[in-house]
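A short worksheet on the structure shown next.
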Amino acid sequence: MPGASWGFKKMYSKVVTFFVSFLIWTLLCFSLDWQHILIGGLVSSVVALMMGDMFTDYPKKWFHPRRYGWFIYYILVFAWECFKSNIDVASRVLHPRLPINPGIVKVKTCLKTETGLTFLANFITLTPGTLSVDVDPENGYLYIHWIDVKAQGLEEASKIIISKFEKISKEVFE
Amino acid sequence: MKFFRWLLGSVFLAGTIIFIFSYLKVGPQAKLMLYLLVSFLLSLFRVLKGPTPADRAIATDIFGILVIGFCAILAVYTGRDWYMDVAIAWGLQSFIGTLALAKFIEGKNFDE
Amino acid sequence: MNETIALIFIVVGITFDLFGCIGLVRMPDIYNRLQASTKCVTLGTCGILFGVLIKFGFSAAGVKALLCIIFLLLTAPVSAHALARATHRSGVKLWDKSVCDKYKDDKDALS
Chain Z
1 MPGASWGFKK MYSKVVTFFV SFLIWTLLCF SLDWQHILIG GLVSSVVALM
51 MGDMFTDYPK KWFHPRRYGW FIYYILVFAW ECFKSNIDVA SRVLHPRLPI
101 NPGIVKVKTC LKTETGLTFL ANFITLTPGT LSVDVDPENG YLYIHWIDVK
151 AQGLEEASKI IISKFEKISK EVFE
Chain D
1001 MKFFRWLLGS VFLAGTIIFI FSYLKVGPQA KLMLYLLVSF LLSLFRVLKG
1051 PTPADRAIAT DIFGILVIGF CAILAVYTGR DWYMDVAIAW GLQSFIGTLA
1101 LAKFIEGKNF DE
Chain V
2001 MNETIALIFI VVGITFDLFG CIGLVRMPDI YNRLQASTKC VTLGTCGILF
2051 GVLIKFGFSA AGVKALLCII FLLLTAPVSA HALARATHRS GVKLWDKSVC
2101 DKYKDDKDAL S
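Chains as they are written, first to last, in this note's numbering: chain Z, 1 to 174; chain D, 1001 to 1112; chain V, 2001 to 2111.
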């Protein structure tokens, strides 16, 4: 019965929203007084009742522990790539002759969900020399501004830029 | 001409940093904040000069992110916790303002 | 010991901020400016906030610094992406010596 399963999904989504907003409230207050917890519960439940079904589309994914393990690995790779990209960009900026070779290339991705595409675009923006300009979610194309163009074709550019991150993003968000 | 501009800019930067480092008689914490003020000045230069409106929007966005770091340094060296609240609120407002500026540059209505 | 490590992180963060703003002034094109400044300034400010986290430890202000790092890493690429897309759609050209522009080719083919 489609209607019943849809209502069930909305309830799951509200529960997830409640827990996430309550966690953020507790971290911001950082005291376990009963007044703070009471107000936080009230405000979180109001937020969950109002905006619960807009927060996540697939609420059952929040209950898989395997995804959290992959998420820690994602954060480690992310930090290392971010540091490398900063060294790269700083050396380019401080070089007297400004060694850049920019252009906009097009790559193809196999991610489908909106969350996966968003995090892939964030990852691309903070990794060496690339900045995502636009997303075409129906066909799975990403337009990327590249500060040092090494290959202009679709397959070569996809292989160089996103093949490493795509696997991790797929494990975490799909 | 290009070489002259490059020389002028590097002399200005090196002069400012050497002035802060050796001649100014303030404590080391205030020196850190003055180094951050050099980058505020550079982003304000882009706001003044930028040829297109998008340049100014980018410089404003970068200015907003720099203010977060400034509030964090203030929170360390004055020992007052509420500067972190100011940093979080400033970050939220700056993000929403940048999105509104992007919509405006694109030439659309805000509800689209 | 803690104070020294926090000071090292803060100094590295301020240096990256300065590099990002030099890139904002020096780069020839709006997209290159966006790249240099967004990357360097985001990591520099995260370095300063991480220094604050080490200095204050796991207390109220330290946890706020951690939340601010997460928030900044989520929102700074999104605003850069929105500004790049809006700039390209409003008709600003790339730099003269750019290699290729596949986005403009696709838009011309559609219309």
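For every residue, glycine included, the Cβ atom is placed at its ideal position computed from N, Cα and C.
Source: prediction; values computed, not measured.
**Request:** Taking Z/V47 and Z/S21 to be in contact with their CB atoms under 8 Å, please state how far apart those CB atoms are, rounded to whole angstroms.
**Result:** For this step, residue 47 of chain Z is matched to residue 47 along the first sequence. For this step, residue 21 of chain Z is matched to residue 21 along the first sequence. Right, their Cβ atoms sit about 5 Å apart.
**Item:** Contact set for D/T1016: own chain, Cβ-Cβ below 7 Å, skip 5 residues either direction
**Value:** Position 16 of the second sequence, counted from the start, is the residue given in the question as residue 1016 of chain D. Only V1038 meet the Cβ criterion.
**Item:** Z/M1 classed as buried or exposed, judged by whether at least 16 other C-beta atoms fall within 10 angstroms
**Value:** For the purposes of this step, residue 1 of chain Z is taken as residue 1 along the first sequence, with counting starting at 1. Note that Z/M1 scores a pLDDT of 38, beneath 50, so its modelled location is shaky and nothing firm can be said.
**Request:** Look up V/V2092 in the DSSP assignment and say whether it is helix, strand or coil.
**Result:** Mapped onto the third sequence, residue 2092 of chain V falls at position 92. It is coil, neither helix nor strand.
**Request:** Could you please tell me which residues of the segment 80-99 of chain Z, in chain order, have their CB closer than 8 Å to any CB of chain V?
**Result:** Under the 8 Å Cβ criterion, the segment 80-99 of chain Z contributes C82, F83, S85, N86, V89, A90, R92, V93, L94 and L98.
**Prompt:** Within 10 angstroms of its Cβ, does Z/G3 collect 16 or more other Cβ (buried), or is it exposed?
**Reply:** Locating residue 3 of chain Z in the first sequence gives position 3, where the first residue counts as 1. Model confidence at Z/G3 stands at a pLDDT of 48, short of 50, so the residue's coordinates are unreliable; what they give is reported in the following sentence. By the 10 Å Cβ count, Z/G3 comes out exposed.
**Item:** Residues of the segment 2078-2089 of chain V whose Cβ lies closer than 8 Å to any Cβ of chain Z, in chain order
**Value:** Flagged, chain order: V2078, A2080, H2081, A2084, R2085 and H2088.
**Message:** Taking only three categories from DSSP, how would you classify V/H2081?
**Reply:** Working through the third sequence from its first residue, we reach residue 2081 of chain V at position 81. Of the three classes helix, strand and coil, the one that applies to V/H2081 here is helix, per DSSP.
**Prompt:** Under a CB-based cut-off of 8 Å, is Z/Q152 close to chain V?
**Reply:** Start at 1 with the first residue of the first sequence, and residue 152 of chain Z comes out as number 152. It does; some Cβ of chain V falls within 8 Å.
**Message:** Just to confirm, is the Cβ distance from V/L2066 to V/L2074 under 8 Å?
**Reply:** Walking along the third sequence from the start, residue 2066 of chain V turns up at place 66. Walking along the third sequence from the start, residue 2074 of chain V turns up at place 74. No, they are not a contact pair.
**Message:** With three or more beta-carbon pairs closer than 8 Å as the criterion, would you say the segment 141-154 of chain Z touches the segment 1007-1016 of chain D?
**Reply:** no
**Message:** Counting only C-beta atoms, is D/F1045 closer than 8 Å to chain V at any point?
**Reply:** Here residue 1045 of chain D is taken as the residue at index 45 of the second sequence, counted from 1. For D/F1045, the answer is yes, since a Cβ of chain V falls inside 8 Å of its Cβ.
**Asked** Quick one, which of D/M1084, D/F1040, D/T1060 and D/D1081 has its alpha-carbon nearest V/A2080's?
**Response** Here residue 2080 of chain V corresponds to residue number 80 of the third sequence, with the count starting at 1. Cα-wise, what sits closest to V/A2080 is D/T1060.
**Asked** Going by C-alpha distance, which of D/G1107, D/L1024, D/I1105 and D/I1073 is nearest V/K2046?
**Response** In the third sequence, the residue the question calls residue 2046 of chain V occupies position 46. The sequence given here has Cys at residue 2046 of chain V, not Lys. Nearest C-alpha to V/C2046: D/I1073.
**Identified DSSP bridge partners for Z/I144** = Residue mapping note: residue 144 of chain Z aligns to position 144 of the first sequence, counting from 1. BP columns for Z/I144 point to Z/V105 and Z/S132.
**Request:** Show which residues of chain D have a CB atom less than 7 Å away from the CB atom of V/T2107.
**Result:** Against the third sequence, residue 2107 of chain V aligns to sequence position 107. It should be pointed out that residue 2107 of chain V corresponds to Lys in this sequence rather than to Thr. Residues of chain D passing the Cβ test: none, with the nearest at roughly 14 Å.
**Request:** Report back the beta-carbon spacing between V/L2043 and Z/N122 to the nearest angstrom; my notes put them in contact at under 8 Å.
**Result:** For the purposes of this step, residue 2043 of chain V is identified with residue 43 of the third sequence, where counting begins at 1. For the purposes of this step, residue 122 of chain Z is identified with residue 122 of the first sequence, where counting begins at 1. 14 Å between Cβ atoms; not a contact.
**Request:** Inspect the CB distances between the segment 1045-1065 of chain D and the segment 2024-2034 of chain V and report whether three or more fall short of 8 Å.
**Result:** yes
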